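Participant: Position one of the sequence shown corresponds to residue -2 (my numbering), numbered consecutively onward.
Here a beta-carbon is modelled for each residue, glycine too, at the ideal position from N, C-alpha and C.
As the structure is a computational prediction, the values presented were derived from the model and not from experiment.
This structure is in structure tokens; I'll ask about it shortly.
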Amino acid sequence: MADWATLKIEQSVRKRRVSFQTMALSLFLGVVLARGAVLNIYPFGLALGAALILKGGKGAALGLLGIVAGTLTLHDLPLALESTIVLVLLGLAGPLIRRSRHAPVFQSLMVTALTCLVFALALLRNGADPTTFFSVGVQGVLAGGFSIIYGYALNQEEALWRGEFNREQGMAWLLLLIGAISGLQGLKIAAVDVPVVVLSFFVLFAAERFGPGTASGVGALLGFLPELNFNAQNLMDAGIFGLAGFCTGAFQRFGKLGIGLAFSAVTLSLTVFLRQEAVYSQLVSSGLGLLLFLLWPGATPRKDFLKPKPIPEVEATVSKVKVLAEIFDQIALSYQAAEAETANLRPEIPELMNVLVERVCQSCPTIATCWEREFYKTYRYLFDLFSLVETHGKVRVQDLPVEWKRQCGRLKEMLLGIQFIMEQEKSQEAWRRRLGANQEAIARQFQSVSHVIGNLAKELNARHNRQDVKPSNLARRRRHFLDVGVASFSKSGSGINGDNYASLAFSPNRHAFVICDGMGVGENAAKMSAMALTLLEQLMNTGFDPVEAVQALNSMLVLRSPEESFVTVDMAILALETDELTLIKAGAVASYIAGPEGAEALSAGGLPAGILDQIEVPVLETVFKPSQVLVMVSDGIPDAVRDGGDWLKDFLGREQAAGSQELADKIVREVRRLSGGEMQDDGVVLVVRKNFWNEG
């Protein structure tokens, strides 16, 4: 209880700190981005203003005030007035933009339209040259495009403060930073060149967090793009900071002190050789940036209770070895099942007769007489002929009864065809027996390996622990911050649900939810889906990557039976310490992410496991925020209504529920209502919500 209270206090302090940082950052960005120019136009301030209006919350008003103040520092009153009018109109349209299903796109179009309209009217009023209207159009398009990028960057602000952002988040903030440095161009305080200070700080920041590759790219981009000039000085700055980032990042593992010493040495060397006319200013500014970097807090170590408690090495080894033994057992059973099915693959006489008819009788002019008027007589004649050849082997035409010679005018060809087919069938039968023997041998080998590994696990356990290995308690502890709801139903007239689900705590910082739908309904489908879930859990707990686990499951199902036997796999993998969500779909229907802005369907075409020897496993990467709900279903849910639409997406877009279980129950009740109580298939609904970060 004390730990939980401490956690809540830490969250409260962190929220207040982030709120202050948010307001300060919004004000700073508003001032400098409003000053930023590209090709003598000023789109950055309008783009940031649109992003702040759409985001709302703390800091938006200060950011807008900073934009107005920044435009006033340009000493261009008409520009400041026109920009303010655009921001006011965007503020009035803000509620309309937020209600839109595609708010960022709508916002971008609105920014472009209002910018072009206001600035074009100002040009018309002043009687400007018509060619200047082109620059107005460029400004509107740039403002609209950057508004989407800046909006995405502001929504990922918490990741920035943690210093833990992915490639897309980093690129968005880099573009925002380019606009900010552009706004700082020409700003000097005594001998301090402010853009060089900021540039040096962020090159060092990237070197510490991400290493030489990223740091060199950041240095080159920030050195060149803010001015966007191909003059010698601009290209020289890009080279200096790009090379400084690369050399500095190479000392990442030596910590801040090592990075700082490397940066000082590289900057001093390059500046003396390349920028002799500005050595003092460059070194003072770079030194100030280095000082800010040294004072800036380092990467915050992760402090959470998602990590498992330390497990003795022997216990962990025994647990994985036991699971590995079970996997080998399942593979052995798959080979045994395939060997049993192979024994029943010998074709029947009617199948061989069809092959003979296609080769010999198809071109015979009397085929209609034999196979239409005298069908039963011809069929019995061929059946007896096959039996005779199978019994005696080599048979001559002279040895056949006279009535058979009268029956068929192509008796010699027919006899040769039967003998060829039977010889071919005997050869295939020999290969089938050899295949069956090999499969049986492989199954025995896998069982032997399984027994050896199992005995090893028992021996390790007996020597070092003297008791059964305790299961991981990851799943039990995750109940405190994963809100999960499940509801299901069976097909009308069937007492067993063929769809199964599982919750797998297979990693310290990742959690998987899986729905498997076996072929058909009833007991066989239930056994198939349960077996698939068991294999997936064993593979992933042993260390298999989720995609590799699905591919291994596919291979096992193909080996298990040569007949059509498949299972769909719908897997969602939550990254518990970030907002990342990975969906793996092997023949599964769409999943849904629902939130305040509506519901989104996520689907991917893919084959179920067990149909082909090799399948491509579709993988979807998306964002899953704490304010959203993930809904996974089997095909019995969307197929309740067969009108071609997506009733579940519409239902989730308008339905609100206090908890995951309540929403799952509502979905099943809606399915029963839409189908009139007659369920055409089995169904499972699995609803997941991350509630740790927002709820105490």
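Give me, in chain order, the residues of the same chain whose beta-carbon lies closer than 7 Å to that of I364; leave out the 5 immediate sequence neighbours on both sides.
Facilitator: Correct list, in chain order: C358.
Participant: Compare the beta carbon distance of I94 and L61 with 7 Å and say whether it is the shorter of the two.
Facilitator: Between I94 and L61, the C-beta gap is not smaller than 7 Å, which leaves the two residues out of contact.
Participant: In its own chain, which residues sit with a C-beta less than 7 Å from the C-beta of P101, not counting the 5 before and 5 after it?
Facilitator: I145, G148
Participant: Would you say the stretch 563 to 581 touches the stretch 607 to 617, given that touching needs at least three Cβ pairs under 8 Å?
Facilitator: yes
Participant: From this set, N123, G53, P192, which residue's C-alpha is nearest L151's C-alpha?
Facilitator: Nearest Cα to L151 within the set N123, G53, P192: G53.
Participant: How would you call D496, buried or exposed, if buried means at least 16 neighbouring beta carbons within 10 angstroms?
Facilitator: Around the Cβ of D496, a 10 Å sphere holds 16 or more other Cβ atoms; the residue is buried.
Participant: Taking the alpha-carbon positions, what's the A77 to L84 distance?
Facilitator: 11 Å
Participant: Roughly how many angstroms separate the alpha carbons of T70 and R32, rounded to a whole number?
Facilitator: 8 Å
Participant: I'd like the list of long-range same chain contacts for I664, defined as Cβ closer than 6 Å, with 5 residues on each side in sequence excluded.
Facilitator: V682
Participant: Among L671, E659, G656, which has the Cα closest to the Cα of L645?
Facilitator: L671
Participant: Can you give me the start and stop residues for the alpha helix (DSSP H) that I82 sits inside?
Facilitator: 74 to 96 is the span of the alpha helix (DSSP H), which, as asked, contains I82.
Participant: Tell me the rounded alpha-carbon separation between R96 and Q104.
Facilitator: A straight-line Cα-Cα distance of about 11 Å links R96 and Q104.
Participant: So, with DSSP's three-state summary, where would you put C361?
Facilitator: coil
Participant: My output table needs one value for G673: the three-state DSSP class, helix, strand or coil.
Facilitator: coil
Participant: Under the rule that 16 or more other beta-carbon atoms within 10 Å means buried, what is I64, buried or exposed?
Facilitator: buried
Participant: Compute the beta-carbon to beta-carbon distance between F198 and F260, rounded to the nearest angstrom, for a pair I have assumed lies under 8 Å.
Facilitator: That pair is no contact at about 10 Å.
Participant: Can you grab the Cα-Cα spacing for the pair Y378 / G490, in whole Å?
Facilitator: Taking the straight line joining both Cα atoms gives about 47 Å.
Participant: Which value, in whole angstroms, describes the spacing of the CA atoms of L30 and P543?
Facilitator: 44 Å
Participant: Comparing C-alpha positions only, which one of G584, F243, A169, M107 sits nearest to A217?
Facilitator: F243
Participant: Using only the heavy atoms of the ligand MN, determine whether one of them is closer than 6 Å to the beta carbon of D647.
Facilitator: This structure lacks the ligand MN, and indeed carries no ligand of any kind.
Participant: Around the C-beta of Q653, are 16 or more other C-beta atoms found within 10 angstroms, so that it is buried, or is it exposed?
Facilitator: exposed
Participant: Along the chain, where does the alpha helix (DSSP H) containing F130 start, and where does it finish?
Facilitator: 129 to 152
Participant: Would you report the Cα separation of L173 and G167, rounded to the nearest angstrom?
Facilitator: 10 Å
Participant: So, helix, strand or coil for N37, using DSSP?
Facilitator: In the structure shown, N37 sits in coil (DSSP, three-state: anything other than H, G, I, E or B).
Participant: With DSSP as the reference, identify every bridge partner of R507, one or two as the case may be.
Facilitator: S504, A572
Participant: Helix, strand or coil, according to DSSP, for S624 in the structure here?
Facilitator: coil
Participant: Would H389 be called buried (16 or more neighbouring beta carbons within 10 Å of its own) or exposed?
Facilitator: exposed
Participant: Could you check which residue in I175, R250, L181 has the C-alpha nearest to that of G704?
Facilitator: Any answer about residue 704 is impossible in this case: the structure gives the chain only from -2 up to 693.
Participant: Look at G406 and R356 and say whether their C-beta atoms are less than 7 Å apart.
Facilitator: no
Participant: With a cut-off of 8 Å, do at least 3 Cβ pairs link the stretch 587 to 603 to the stretch 548 to 558?
Facilitator: no
Participant: Span of the beta strand (DSSP E) holding S588?
Facilitator: Per DSSP, the continuous beta strand (DSSP E) segment holding S588 begins and ends at 588 to 592.
Participant: Measuring straight from C-alpha to C-alpha, what distance separates T575 and P505?
Facilitator: 13 Å
Participant: Does the distance from the C-beta atom of C513 to that of A529 stay below 7 Å?
Facilitator: yes
Participant: How many angstroms separate the CA atom of I178 from the CA atom of A169?
Facilitator: Distance between I178 and A169, taken at the CA atoms: about 15 Å.
Participant: Starting from K582, trace the alpha helix (DSSP H) in both directions and tell me its first and last residue.
Facilitator: Where K582 is concerned, there is no enclosing alpha helix (DSSP H), although the beta strand (DSSP E) it sits in stretches over 577 to 583.
Participant: If you draw a straight line from the C-alpha of V352 to the C-alpha of P615, how long is it?
Facilitator: 40 Å
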